[in-house]
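Student: For the record, the sequence lines run as chains A and B.
Count the first sequence with numbering that gives the first Met the number 0 and you get residues 0 to 285, in order.
Count the second sequence with numbering that gives the first Met the number 0 and you get residues 0 to 285, in order.
There are 2 protein chains.
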Amino acid sequence: MPRILLGKPIIDALKARSLERVALLKNNGVDPALAIVRVGARPDDLSYERTAIKRAESLGIALRLFEIEEDAGQDALMKAIDEVNADSGIQGCLMFRPLPKGYDEEAACEALDPRKDIDGIGRAALARVFTGRGEGFAPCTAAACLEMLDGYDVSIEGKRVVVVGRSLVIGRPVAMMLLERNATVTLCHSRTANLPSVMRDADIVVLATGRAKAYGADCFREGQVVLDVGINVDADGNLCGDADFEAAEAVLGEHGAITPVPRGVGGVTTSVLMKHVLDAAERCRQ
Amino acid sequence: MPRILLGKPIIDALKARSLERVALLKNNGVDPALAIVRVGARPDDLSYERTAIKRAESLGIALRLFEIEEDAGQDALMKAIDEVNADSGIQGCLMFRPLPKGYDEEAACEALDPRKDIDGIGRAALARVFTGRGEGFAPCTAAACLEMLDGYDVSIEGKRVVVVGRSLVIGRPVAMMLLERNATVTLCHSRTANLPSVMRDADIVVLATGRAKAYGADCFREGQVVLDVGINVDADGNLCGDADFEAAEAVLGEHGAITPVPRGVGGVTTSVLMKHVLDAAERCRQ
């Protein structure tokens, strides 16, 4: 059986470090605060929001919620983002996406002050991920993948990594971050031919397609490390990842490792969000 | 023997289209002009400059040369870039890199007006290449690779592409442009393990490392398409690519194809530069 890479030890370690940093910031007169901008009330968003509120509370990070009615329109959203930008007491902002239909998501992403863009939604942050130049935060889920690998001492340098999915939220940024760490990275997607064979060539596989249990035994081989970033609901209404977990588990063997869903990468993303708030708060102080 | 993919037919086709566009622009009262900013007098830069001057002349594009002494310093360079930015008669600018020692290249790249950044040196342009959002030009050499593939009817969709080299001038941007066209892209570099084996898995190989004749028979297989972007000088003082051309030629077979050095991708880069000047000029007019 492969190692099951739970998020909890990583979350605990990040929490310990964050508590120290919050204490230091408060000693220096800075009260770190996170803004959440939510348009409408999608169950996914509400679920993540509850987790974020709890996590922020447990760390002593203030949370400011900007709730916008689903039919309020772009102007109301832009006004909320302007408020976030103007409020020097808010150091970081998470805006739930995708936005409901009719909203200009790109305009909203670009409107957020890049210094407060702690989830890497704007071009400035993404340019930083791509070029290594300038300032900006990586998308939290992409950063959470690296926290998992580092936390579990999985070496990245020189390893073959296959990333399945090319979104700007996870696939493309995590590919660039792993490249920066000297992995040999292959970006795969819905048009990739012979995907199972490409996946089997990898030392590390990152799944980020949002396709429930879509990757089975033929996609894995013994000894691989699998990071499953998908959060899906299966036919029985249960949370599941992109991998067919049982099938993968059987193939990966004792030298392999896999993150479960839930209790894998997902919760680490929230920890990274808090870490980024503190990074932003420390930068403000400088 | 593989097909030898010469730059000339692509250059000729781009020239014909560019001549039409210049005529149309001039009819509308716009005189397209390219600025070249050169610090010092590196032979490589002078060689490219001569080609660019000839090419611009042949198209009726004006050329404005900003020559800066090697020891003039950052302020002199920034002043030249400010002049380029302020001059509405200049629509595009090429700045030779790397800059001599002591210059802050990043600051210079960021100082250039993104609308005039026709070689994709600034973060705004690179963000566009990475995200597909916003405005901006891709680096000309990366764009030249796609012109070659398209011009020779090499299909990209679903193909496995290996890019060797991860610079921001060519490796990373061309990888993103090929991904955008639905290739499955692997980014390789000096830390890649078993590089020859990884290269042999590809349908299309892009070589962009600047290592003279470094990739031999073991790196290729029958039927591959090889784009050799390297421009190097071999031990005998002759221009050569990153591939060991004769060795590759022998392996690729009649279904394979390779770009020679010189007379391959290099000249197409200059054509793309002119194309981008015209794109920029047409945008100004709008």
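Cβ coordinates follow ideal geometry from the N, Cα and C atoms, glycine included.
Answer yes or no: do residue 158 of chain B and residue 118 of chain B have a C-beta to C-beta separation smaller than 8 Å?
Tutor: To locate residue 158 of chain B, count along the second sequence from 1; it is residue 159. To locate residue 118 of chain B, count along the second sequence from 1; it is residue 119. No; because the gap between Cβ atoms is not below 8 Å, this pair is not in contact.
Student: Measure the Cβ-Cβ separation of residue 162 of chain B and residue 145 of chain B and say whether it is below 8 Å.
Tutor: Looking up residue 162 of chain B in the second sequence gives position 163. Looking up residue 145 of chain B in the second sequence gives position 146. Result no, Cβ atoms of residue 162 of chain B and residue 145 of chain B do not sit closer than 8 Å.
Student: Using a Cβ-Cβ cutoff of less than 6 Å, which residues in the same chain neighbour residue 37 of chain B once the five nearest sequence positions on both sides are dropped?
Tutor: Numbered from its first residue, the second sequence carries residue 37 of chain B at position 38. For residue 37 of chain B, where only same-chain residues beyond five positions count, the Cβ hits under 6 Å are 44, 66, 95.
Student: When the Cα atoms are used, what is the spatial distance from residue 226 of chain B to residue 190 of chain B?
Tutor: Translated into positions along the second sequence, residue 226 of chain B becomes position 227. Translated into positions along the second sequence, residue 190 of chain B becomes position 191. Whole-angstrom Cα-Cα distance: 21 Å.
Student: Enumerate in chain order the residues of its own chain whose CB-to-CB distance from residue 188 of chain A is below 6 Å, with the five nearest sequence positions on each side excluded.
Tutor: Indexing the first sequence from 1 puts residue 188 of chain A at position 189. Within the same chain, residue 188 of chain A has close Cβ partners 165.
Student: Any beta carbon from chain B within less than 8 Å of residue 98 of chain A's own beta carbon?
Tutor: For the purposes of this step, residue 98 of chain A is identified with residue 99 of the first sequence, where counting begins at 1. With 8 Å as the cut-off, residue 98 of chain A does not count as an interface residue toward chain B.
Student: Is residue 275 of chain A closer than 8 Å to residue 92 of chain A when the C-beta atoms are compared?
Tutor: By one-based count along the first sequence, residue 92 of chain A stands at place 93. By one-based count along the first sequence, residue 275 of chain A stands at place 276. It is not a contact, given that the beta carbons lie outside the stated cut-off.
Student: Residue ranges of each alpha helix (DSSP H) run of no fewer than 4 residues wholly in the stretch 128-180 of chain B, ordered along the chain?
Tutor: 139-150, 170-179
Student: Mind listing, in chain order, the continuous beta strand (DSSP E) runs of no fewer than 3 residues lying wholly within the stretch 34-97 of chain B?
Tutor: 61-67, 91-94
Student: Grab me the residues of residue 213 of chain A's own chain with a C-beta within less than 7 Å of its C-beta, minus the 5 sequence neighbours each way, in chain order.
Tutor: Walking along the first sequence from the start, residue 213 of chain A turns up at place 214. Only 241 meet the Cβ criterion.
Student: Would you tell me roughly how many angstroms separate the C-alpha atoms of residue 234 of chain A and residue 124 of chain B, rounded to the nearest one?
Tutor: The residue given as residue 234 of chain A occupies position 235 in the first sequence. The residue given as residue 124 of chain B occupies position 125 in the second sequence. Using only the alpha carbons, I get a separation of about 43 Å.
Student: Quick check on residue 200 of chain A: does DSSP put it in helix, strand or coil?
Tutor: By one-based count along the first sequence, residue 200 of chain A stands at place 201. Correct three-state label for residue 200 of chain A: coil.
Student: Go to residue 29 of chain A, then tell me how far its beta strand (DSSP E) extends in each direction, as first and last residue.
Tutor: If you number the first sequence from 1, residue 29 of chain A lands on position 30. Run containing residue 29 of chain A: none; DSSP gives neither H nor E here.
Student: Using a C-beta cutoff of 8 Å, does residue 125 of chain B count as contacting chain A?
Tutor: Indexing the second sequence from 1 puts residue 125 of chain B at position 126. Cβ-Cβ to chain A under 8 Å: yes for residue 125 of chain B.
Student: Below 7 Å on C-beta distance, what does residue 187 of chain A contact in chain B?
Tutor: On the first sequence, position 188 is the one that residue 187 of chain A refers to. In chain order: 183.
Student: For residue 243 of chain A, which residues from the same chain have a beta carbon less than 8 Å from its beta carbon, with the 5 sequence-adjacent residues on both sides left out?
Tutor: In the first sequence, counting from the first residue as 1, residue 243 of chain A sits at position 244. Within the same chain, residue 243 of chain A has close Cβ partners 212, 213, 214, 215, 216.
Student: In terms of alpha-carbon separation, which member of A/196, A/131, A/83, A/283 lies closest to residue 220 of chain A?
Tutor: Counting from 1 along the first sequence, the entry for residue 220 of chain A is found at position 221. Considering only alpha carbons, the answer is A/196.
Student: Looking at residue 33 of chain B and residue 10 of chain B, is the spacing between their C-beta atoms short of 8 Å?
Tutor: The residue given as residue 10 of chain B occupies position 11 in the second sequence. The residue given as residue 33 of chain B occupies position 34 in the second sequence. Contact: no.
Student: So which of B/204, B/77, B/113, B/128 has the shortest CA-CA distance to residue 102 of chain B?
Tutor: Mapped onto the second sequence, residue 102 of chain B falls at position 103. Among B/204, B/77, B/113, B/128, the Cα nearest to that of residue 102 of chain B belongs to B/77.
Student: Does chain A have any CB closer than 8 Å to the CB of residue 192 of chain B?
Tutor: The count along the second sequence starts at 1 and reaches residue 192 of chain B at position 193. Taking Cβ atoms only, chain A reaches closer than 8 Å to residue 192 of chain B, which makes this a yes.
Student: What residue range does the alpha helix (DSSP H) around residue 250 of chain B cover?
Tutor: Along the second sequence, one-based indexing puts residue 250 of chain B at 251. Taken as a continuous stretch (DSSP letters only), the alpha helix (DSSP H) holding residue 250 of chain B covers 244-251.
Student: What are the residues in the stretch 194-212 of chain B lying within 7 Å of chain A by C-beta distance?
Tutor: 197
Student: When you compare the CB positions of residue 90 of chain B and residue 218 of chain B, do they come within less than 8 Å of one another, or not?
Tutor: The count along the second sequence starts at 1 and reaches residue 90 of chain B at position 91. The count along the second sequence starts at 1 and reaches residue 218 of chain B at position 219. Contact flag unset, no.
Student: Quick check on residue 111 of chain A - is its C-beta less than 8 Å from some C-beta in chain B?
Tutor: Sequence index remark: in the first sequence, residue 111 of chain A carries index 112 (1-based). It does not; no Cβ of chain B falls within 8 Å.
Student: Which residues, taken in chain order from the stretch 127-147 of chain A, show a beta carbon closer than 9 Å to some beta carbon of chain B?
Tutor: 127, 128, 129, 130, 131, 132, 133
Student: What is the DSSP secondary structure of residue 4 of chain A, reduced to helix, strand or coil?
Tutor: Here residue 4 of chain A refers to the residue found at position 5 of the first sequence. Residue 4 of chain A falls in the coil class under three-state DSSP.
Student: Where do the N-terminal and C-terminal ends of the alpha helix (DSSP H) with residue 187 of chain B fall, by residue?
Tutor: Start at 1 with the first residue of the second sequence, and residue 187 of chain B comes out as number 188. It is not in any alpha helix (DSSP H) - residue 187 of chain B instead sits in the beta strand (DSSP E) that spans 183-187.
Student: Taking the C-alpha atoms as reference points, what is the distance between residue 270 of chain B and residue 18 of chain B?
Tutor: The sequence position of residue 270 of chain B within the second sequence is 271, counting from 1. The sequence position of residue 18 of chain B within the second sequence is 19, counting from 1. So the two alpha carbons sit approximately 11 Å from each other.
Student: What residues from chain B crowd round residue 171 of chain A, counting only those whose CB sits closer than 9 Å?
Tutor: As a working note, residue 171 of chain A is residue 172 in the first sequence. The contacting residues are 129, 130, 175, 178.
Student: Let me know the secondary structure DSSP gives residue 112 of chain B once reduced to three states.
Tutor: As a first step, residue 112 of chain B must be located in the second sequence, where it is residue number 113. In the displayed model, residue 112 of chain B falls within coil according to three-state DSSP, outside both helix and strand.
Student: For residue 239 of chain A and residue 258 of chain A, I'd like the C-alpha separation in whole angstroms.
Tutor: The sequence position of residue 239 of chain A within the first sequence is 240, counting from 1. The sequence position of residue 258 of chain A within the first sequence is 259, counting from 1. Each residue's Cα considered, the two are about 11 Å apart.
Student: Just how far apart, CA to CA, sit residue 130 of chain A and residue 229 of chain B?
Tutor: Translated into the one-based positions of the first sequence, residue 130 of chain A becomes position 131. Translated into the one-based positions of the second sequence, residue 229 of chain B becomes position 230. The alpha-carbon separation between residue 130 of chain A and residue 229 of chain B amounts to approximately 21 Å.
Student: Based on Cα-Cα distance, which residue from A/156, A/40, A/35 lies nearest to residue 177 of chain A?
Tutor: Taking the first residue of the first sequence as 1, we reach residue 177 of chain A at position 178. Of the listed residues, the one whose Cα sits closest to residue 177 of chain A is A/156.
Student: In whole angstroms, what separates the C-alpha of residue 135 of chain A from that of residue 122 of chain A?
Tutor: By 1-based counting over the first sequence, the position of residue 135 of chain A is 136. By 1-based counting over the first sequence, the position of residue 122 of chain A is 123. Using only the alpha carbons, I get a separation of about 9 Å.
Student: Cβ atoms of residue 207 of chain A and residue 169 of chain A: under 8 Å apart, would you say?
Tutor: As a position in the first sequence, residue 169 of chain A is number 170, starting the count at 1. As a position in the first sequence, residue 207 of chain A is number 208, starting the count at 1. Cβ atoms of residue 169 of chain A and residue 207 of chain A: closer than 8 Å.
Student: Considering only DSSP beta bridges, list what residue 231 of chain A is partnered with.
Tutor: The sequence position of residue 231 of chain A within the first sequence is 232, counting from 1. Looking at the DSSP assignment, residue 231 of chain A forms a beta bridge with A/239.
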